[in-house]
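Here's the structure we're looking at; comments come further down.
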Amino acid sequence: MSDALVQISNAVIEGRVKDIPSLTNTALSSGLTAKDILDKGLMPGMDVIGAEFKKGKKFVPEVLLSARTMQASLGILKPLLAQAGEKMAGKIIIGTVQGDLHDIGKSLVGMMLEGAGFEVKDLGRNVPPEKFVDAVKKEKPNIVAMSALLTTTMRSMGHTMTALKEAGLREMVKIMIGGAPVTVDFAKQIGADGYAANAPAASELAKKFINSN
Amino acid sequence: MRVNYQTNVTVQFQVLTDDQRQEIFRAALHVLEHTGIEVHNDEALAVLKAQGAWVDGTRARIPSYLVRRALASAPSSFTVYSREGNPDKNITIGPNCINYGPGPTCPNFRDPRTGERRKYMRRDARDVARVCDLLPNIDFVESLGTVSDVTIDLADVYEFAEMIANTGKPIVAWSYTIDTCRDIHQIAAAVAGGEAALRERPNYIFYAEPLSPLTSSQEAMDKLLYCSKHRIPIVYTPCPMCGGTAPTTSAGILVTAMCECLHGLVIAQAISPGTPFVMGGVVSIMDMLSAAFAYGAPELSLQSAALTEMARYVGLPMWSTAGVTDSKLVDEQAGIEGAVQILFAGLSGANLVHDVGMIESAMTGDLQMMTMSNEIIGYVKRILRGIEVTPETLATEVISEVGPGGNFLATEHTLAHFKDQFWFPTLMDRSCWAEWEAAGSLSMGDRVQVQINDVLDTHEPVPLGPEAQKQIDEILAKAEARYRT
Numbered sequence: 001m002s003d004a005l006v007q008i009s010n011a012v013i014e015g016r017v018k019d020i021p022s023l024t025n026t027a028l029s030s031g032l033t034a035k036d037i038l039d040k041g042l043m044p045g046m047d048v049i050g051a052e053f054k055k056g057k058k059f060v061p062e063v064l065l066s067a068r069t070m071q072a073s074l075g076i077l078k079p080l081l082a083q084a085g086e087k088m089a090g091k092i093i094i095g096t097v098q099g100d101l102h103d104i105g106k107s108l109v110g111m112m113l114e115g116a117g118f119e120v121k122d123l124g125r126n127v128p129p130e131k132f133v134d135a136v137k138k139e140k141p142n143i144v145a146m147s148a149l150l151t152t153t154m155r156s157m158g159h160t161m162t163a164l165k166e167a168g169l170r171e172m173v174k175i176m177i178g179g180a181p182v183t184v185d186f187a188k189q190i191g192a193d194g195y196a197a198n199a200p201a202a203s204e205l206a207k208k209f210i211n212s213n
Numbered sequence: 214m215r216v217n218y219q220t221n222v223t224v225q226f227q228v229l230t231d232d233q234r235q236e237i238f239r240a241a242l243h244v245l246e247h248t249g250i251e252v253h254n255d256e257a258l259a260v261l262k263a264q265g266a267w268v269d270g271t272r273a274r275i276p277s278y279l280v281r282r283a284l285a286s287a288p289s290s291f292t293v294y295s296r297e298g299n300p301d302k303n304i305t306i307g308p309n310c311i312n313y314g315p316g317p318t319c320p321n322f323r324d325p326r327t328g329e330r331r332k333y334m335r336r337d338a339r340d341v342a343r344v345c346d347l348l349p350n351i352d353f354v355e356s357l358g359t360v361s362d363v364t365i366d367l368a369d370v371y372e373f374a375e376m377i378a379n380t381g382k383p384i385v386a387w388s389y390t391i392d393t394c395r396d397i398h399q400i401a402a403a404v405a406g407g408e409a410a411l412r413e414r415p416n417y418i419f420y421a422e423p424l425s426p427l428t429s430s431q432e433a434m435d436k437l438l439y440c441s442k443h444r445i446p447i448v449y450t451p452c453p454m455c456g457g458t459a460p461t462t463s464a465g466i467l468v469t470a471m472c473e474c475l476h477g478l479v480i481a482q483a484i485s486p487g488t489p490f491v492m493g494g495v496v497s498i499m500d501m502l503s504a505a506f507a508y509g510a511p512e513l514s515l516q517s518a519a520l521t522e523m524a525r526y527v528g529l530p531m532w533s534t535a536g537v538t539d540s541k542l543v544d545e546q547a548g549i550e551g552a553v554q555i556l557f558a559g560l561s562g563a564n565l566v567h568d569v570g571m572i573e574s575a576m577t578g579d580l581q582m583m584t585m586s587n588e589i590i591g592y593v594k595r596i597l598r599g600i601e602v603t604p605e606t607l608a609t610e611v612i613s614e615v616g617p618g619g620n621f622l623a624t625e626h627t628l629a630h631f632k633d634q635f636w637f638p639t640l641m642d643r644s645c646w647a648e649w650e651a652a653g654s655l656s657m658g659d660r661v662q663v664q665i666n667d668v669l670d671t672h673e674p675v676p677l678g679p680e681a682q683k684q685i686d687e688i689l690a691k692a693e694a695r696y697r698t
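Just so you know, the sequences run in chain order S and Z.
Numbering follows the working numbering, with no gaps: position 168 of the first sequence is 168.
In short: position in the second sequence from 1, add 213, done, that's the working numbering.
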């Protein structure tokens with residue numbers, strides 16, 4: 001494992017956002033590919049953070065800082081990855097459903113998914129079914145993730161499912177839902193593919209969806 | 214004669230100095246003026262603009278003189294009335310008067326008979342109201358849940374209908390939308406004997422929330438506007454968490470919480486000067502491992518107490534929080550978190566202390582938690598009463614009578630005072646081992662359950678008049694018809 005990659009992993013673990021651009025560029029100059037840097041530098045760093053978080057040794061703000069560090073490096077790597085025809089772990093569309101303005105959980109999930117190597121398109125809050133449909137058509141994601149905090153707005157999840165079915169897009173994606181009042185029973189009820197109780201679980205579920213394809 | 218002498222009538226408690234309160238208030242005024250609030254409601258924005266706020270799209274920046282004007286007209290006290298006409302069940306919202314009650318909208322309920330955790334049903338609203346009606350330290354009523362076995366969009370109206378029929382204590386109501394807010398108001402008016410009667414003697418308070426940080430949604434504003442126009446007492450308070458939807462530092466959450474309340478106050482007072490308005494909130498932290506709102510955190514008690522002082526500083530009544538645990542059970546954690554919260558809410562002198570009776574971070578309503586908390590409130594109230602120092606209480610005469618080695622048991626002094634001086638537990642057990650064993654070796658949880666069973670089996674609330682019930686049924690039927698179209 002080259003020294004440059006170890007330095008990049010450590011910068012991710014320590015959340016050193018300021019250092020990562022120069023470390024990334026140095027690594028590229030030394031002949032490492034963007035894919036190498038992603039798989040052998042950034043991801044191992046996030047894996048360590050993930051393990052520490054599970055143990056209760058690292059906390060959400062620290063995980064987010066590490067994720068942002070990784071994103072800062074990915075900003076440089078993405079065009080190179082695209083050039084080389086390399087793909088991210090998967091593409092995910094995420095949003096808080098129609099009528100609901102709560103987004104802190106959704107943003108947390110989005111950042112965790114990015115930290116797990118996914119490309120995440122965040123549609124924001126109060127996202128009507130049509131907007132989800134348009135985004136699926138345009139972005140062709142592997143996964144659609146919906147969030148709601150209110151028992152009333154949960155129903156928008158069902159409406160979005162219907163809209164996707166009617167647009168003939170349901171089979172193209174895996175759908176996961178989450179949010180405080182959401183349950184695994186509700187997910188089954190509306191025909192979603194999965195439910196996650198928190199951001200780490202969402203990350204695991206996303207990986208499972210990709211691997212099962 | 215004795216001069217220059219001060220006494221404490223009750224226990225004194227203070228988190229902040231007056232200088233600190235002033236700084237926090239000035240910071241809130243600064244944020245309202247410079248950062249502003251996102252208001253997703255055209256009518257509300259128009260009101261703010263007409264008042265003199267700077268409105269740019271949905272962003273409203275509110276100059277401090279508007280806040281001061283609103284505070285000047287807002288009442289610092291008001292009364293909410295029992296529908297039974299029983300003044301003992303009225304609630305006085307006034308400086309330093311404490312009132313405790315449950316909270317709303319848990320999706321789940323722990324069945325009081327079977328202990329099963331299940332979805333909250335219509336009949337639970339009935340049971341919770343009945344238990345609240347009888348428990349002496351519960352002053353106002355909320356349902357502890359969201360009804361799941363009725364038309365889903367009308368869960369709020371059915372819940373209110375059940376509560377008002379099953380308790381004579383004032384209710385704090387909430388609604389999904391402006392339509393159901395209206396339905397609930399009509400039910401309350403029917404029970405009060407008309408809109409005019411209701412306006413004179415309101416029997417409920419309405420609850421709505423801004424969104425943290427610094428936002429008001431379309432629906433929340435609709436409800437605030439409606440309540441202001443009808444002079445329904447309103448609680449317009451946020452549920453922010455430090456590190457997530459509010460700054461990580463406690464002084465910071467006090468600033469944002471104040472802004473989130475005060476912009477609502479400005480609008481309410483602009484529409485209807487003098488309309489009762491309660492500030493406050495559920496101010497806690499984000500648990501940095503689970504990212505969840507930590508109800509049982511000590512920070513909640515500390516920050517709620519400080520926010521209560523801010524409310525008193527600006528002259529508004531305070532909506533505070535206690536009796537709600539993160540535990541999934543009514544266990545040791547629930548006892549600790551509930552007791553500390555109840556004590557500090559009481560010490561702070563908050564006017565409406567809600568959420569008593571919630572477990573699992575407010576995801577499950579639990580009558581055991583509420584009933585146990587009722588006992589804790591009684592316990593705490595005794596402490597809050599403080600110590601009276603008078604010649605009679607100094608007792609030097611009876612001390613002399615009894616003398617060294619004597620006892621005070623049968624003295625006139627003891628007989629005259631013990632019933633008033635001592636708190637008499639209903640649920641806490643002080644018996645000796647043999648007695649306790651003979652009585653069935655009951656735990657606190659067991660004894661709580663016995664009390665719940667007793668209330669559920671025997672307590673009949675004062676019923677509504679048949680005319681009122683008929684009107685309520687009509688309102689529900691109209692709401693159903695409206696939903697179907």
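All C-beta atoms, glycine included, are put in the ideal place defined by N, C-alpha and C.
Which of the three DSSP states, helix, strand or coil, is assigned to residue i?
{"i": "Z:Thr469", "result": "helix"}
{"i": "Z:Val244", "result": "helix"}
{"i": "Z:Lys332", "result": "strand"}
{"i": "Z:Ser485", "result": "coil"}
{"i": "Z:Ala273", "result": "strand"}
{"i": "S:Met111", "result": "helix"}
{"i": "Z:Gly599", "result": "coil"}
{"i": "Z:Met576", "result": "coil"}
{"i": "Z:Leu565", "result": "strand"}
{"i": "Z:Trp532", "result": "strand"}
{"i": "S:Val6", "result": "helix"}
{"i": "Z:Thr390", "result": "coil"}
{"i": "Z:Ser540", "result": "coil"}
Apart from the five residues on each side of it in sequence, which residues of its chain come closer than 6 Å, Cβ to Cβ, to residue i?
{"i": "Z:Thr584", "result": "Val661, Gln664 and Ile665"}
{"i": "Z:Ile688", "result": "Asp396, Gln399 and Ile400"}
For residue i and chain S, any beta-carbon pair shorter than 8 Å?
{"i": "Z:Met501", "result": "yes"}
{"i": "Z:Ala510", "result": "no"}
{"i": "Z:Thr359", "result": "yes"}
{"i": "Z:Pro320", "result": "yes"}
{"i": "Z:Leu513", "result": "no"}
{"i": "Z:Tyr389", "result": "yes"}
{"i": "Z:Ser194", "result": "The requested residue 194 of chain Z is not part of the displayed model; chain Z covers only 214 to 698."}
{"i": "Z:Leu424", "result": "yes"}
Could you tell me whether the Cβ of residue i comes closer than 8 Å to any Cβ of chain Z?
{"i": "S:Leu108", "result": "yes"}
{"i": "S:Ala4", "result": "no"}
{"i": "S:Asn211", "result": "no"}
{"i": "S:Leu101", "result": "yes"}
{"i": "S:Thr152", "result": "yes"}
{"i": "S:Gly158", "result": "no"}
{"i": "S:Pro128", "result": "no"}
{"i": "S:Pro141", "result": "no"}
{"i": "S:Pro44", "result": "no"}
{"i": "S:Pro181", "result": "yes"}
Counting only the same chain and skipping the five closest in sequence on each side, list residues whose C-beta sits under 7 Å from that of residue i.
{"i": "Z:Arg234", "result": "Glu522, Met523 and Tyr526"}
{"i": "S:Val173", "result": "Val136, Pro141, Asn142, Ile143 and Val144"}
{"i": "Z:Val184", "result": "Residue 184 of chain Z lies beyond the residue range present for chain Z, which begins at 214 and ends at 698; the question has no answer from this structure."}
Please look up how many angstroms separate the CB atoms of residue i and residue j, rounded, as I've assumed it's under 8 Å.
{"i": "Z:Gly559", "j": "Z:Leu520", "result": "About 15 Å; that fails the 8 Å criterion."}
{"i": "Z:Asp435", "j": "Z:Asn254", "result": "7 Å"}
{"i": "Z:Leu565", "j": "Z:Gly307", "result": "Rounded, the Cβ-Cβ distance is 11 Å, inconsistent with contact."}
{"i": "Z:Ile384", "j": "Z:Met376", "result": "5 Å"}
{"i": "Z:Tyr333", "j": "Z:Val354", "result": "That pair is no contact at about 15 Å."}
{"i": "Z:Ser586", "j": "Z:Val602", "result": "In fact, because the Cβ distance is near 31 Å, the residues do not count as touching under 8 Å."}
{"i": "S:Met112", "j": "S:Pro200", "result": "7 Å"}
Quick one: which chain Z residues come within Cβ less than 7 Å of residue i?
{"i": "S:Ile104", "result": "Gly457 and Thr458"}
{"i": "S:Pro214", "result": "Examination of residue 214 of chain S is not possible in this model, given that chain S is present from 1 through 213 alone."}
Under 9 Å between beta-carbons, which chain S residues line up against residue i? List them in chain order, please.
{"i": "Z:Ala504", "result": "Val60, Ile104, Gly105, Leu108, Asn198 and Ala199"}
Excluding the 5 residues flanking residue i on each side, which residues of the same chain have their C-beta closer than 8 Å to its C-beta?
{"i": "S:Arg281", "result": "With chain S covering 1 to 213 only, the question about residue 281 of chain S has no answer from this structure."}
Residues of chain Z with a CB under 8 Å from the CB of residue i: which are they?
{"i": "S:Gly56", "result": "Leu502"}
So with CB distances below 7 Å, who are the chain S contacts of residue i?
{"i": "Z:Ser430", "result": "Leu101"}
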